[in-house]
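**Q** Count along the sequence shown from 1, then add 77; that gives the number in the working numbering. Even for Gly, the Cβ is constructed at its ideal location relative to N, Cα and C.
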Amino acid sequence: FAPIAAPVESLPETLPALLDDVWRRIAAGLTGRWPPWALPMLATLSPHGPRARVLALRSVDPGERLFVFHTDARSDKVRELRADGRVSVVFWDPGDAIEARFTGMASVHCGDYVAREAWQQVSLLRRMASAIEYAPGAVLSAPSRFDALPTTADDDVALSHFAVVLVRATALDWFWLGPGDMRRAFVHWTDSGPSASWVVP
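(1) Helix, strand or coil: which one does DSSP assign to Glu210?
(2) Would DSSP call Ile103 helix, strand or coil?
(3) In chain order, what are the residue ranges of uninterrupted alpha helix (DSSP H) at least 4 long that sit wholly in the region 194 to 256?
(4) Considering only the alpha carbon of each residue, which of Ser274, Val277, Gly257 lies closest to Pro84?
(5) Is there contact between the region 170 to 188 and the region 241 to 254, where contact requires at least three CB pairs shorter than 8 Å?
(6) By DSSP, does Trp111 sit in helix, in strand, or in coil?
(7) How would you write the range of the alpha helix (DSSP H) that Ala160 sits in, first residue to last?
(8) Do Leu134 and Ala120 have their CB atoms nearer than 9 Å?
(9) Which partner residues does Ala273 have in the DSSP bridge list?
(10) Between which two residues does the beta strand (DSSP E) harbouring Pro127 extend?
(11) Report the three-state DSSP secondary structure of Glu86 (helix, strand or coil).
(12) Quick check on Ala94: does DSSP put it in helix, strand or coil?
(13) For Phe223, count neighbouring C-beta atoms within 10 Å of its own C-beta (all shown protein chains included) and say buried if the count is 16 or more, exposed if not.
(14) Which residues share a DSSP beta bridge with Gly140?
(15) What number of angstroms, rounded off, separates the C-alpha of Asp189 from the C-alpha of Asp232?
(16) Figure out for me which residue from Pro93, Val242, Leu254 has the closest Cα to the Cα of Asp161.
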């Protein structure tokens, strides 16, 4: 197996440069076209074990190590996050064969100033989803168009179905899978700042 990968000479040579490169890739992905760096996988812990799903990243703050997601307040992931905020946010770039696996803590905001402020800027699709009367995962009698599902016309009710998920990263496991070669690095953040090291893949 020899994946298409970024050439080794194009990889960051230092750990600070590696971290800058990861944040740059993520920020550059937020163009609305949904490249891999804007569609990470969010993994949560449920009573039945780990659960993971691809989620659209809405914004990122590298200085605060903060990822912002929008979701339905009635979803399983919100219940899981309220019970246990430990998460993993995983990016995979198939073009350069780079994986960036963050671990961190999530907080859920629904009905507060964070949610209300975000609601003013949400996409039409998210407004449509929040207005649907059924909760995510509700059983349907037959396949149905998304825009044909029953909705509420009450904006306050739709807003009550909307949640913002903030994830603050505490660690990063970076991995490059090249043809005949591999590289891996680990970064951990504490109150005193980051510590980083190259590690065995």
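**A** In this structure, then:
(1) Numbered from its first residue, the sequence shown carries residue 210 at position 133. Coil, per DSSP.
(2) Counting from one through the sequence shown, the residue named residue 103 turns up at place 26. If DSSP states are grouped into helix, strand and coil, Ile103 belongs with the helices.
(3) 201 to 208, 232 to 237
(4) By 1-based counting over the sequence shown, the position of residue 84 is 7. Nearest of Ser274, Val277, Gly257 to Pro84, Cα basis: Gly257.
(5) yes
(6) On the sequence shown, position 34 is the one that residue 111 refers to. Residue state, collapsed to three classes: coil.
(7) On the sequence shown, position 83 is the one that residue 160 refers to. Where Ala160 is concerned, the enclosing alpha helix (DSSP H) stretches over 153 to 160.
(8) Reading the sequence shown from its first residue, position 57 is the one you call residue 134. Reading the sequence shown from its first residue, position 43 is the one you call residue 120. Contact: no.
(9) Start at 1 with the first residue of the sequence shown, and residue 273 comes out as number 196. Its beta-bridge partners are Val264.
(10) Along the sequence shown, one-based indexing puts residue 127 at 50. Start and end: 126 to 131.
(11) If you number the sequence shown from 1, residue 86 lands on position 9. In the structure shown, Glu86 sits in a helix (DSSP, three-state: H, G or I).
(12) Looking up residue 94 in the sequence shown gives position 17. Of the three classes helix, strand and coil, the one that applies to Ala94 here is helix, per DSSP.
(13) By one-based count along the sequence shown, residue 223 stands at place 146. Exposed is the call here.
(14) Residue mapping note: residue 140 aligns to position 63 of the sequence shown, counting from 1. DSSP lists no partner for Gly140.
(15) The residue you call residue 189 lines up with position 112 of the sequence shown. The residue you call residue 232 lines up with position 155 of the sequence shown. Approximately 15 Å between the Cα atoms of the pair.
(16) In the sequence shown, residue 161 corresponds to position 84, counting from 1. Minimum Cα distance to Asp161 is reached at Val242.
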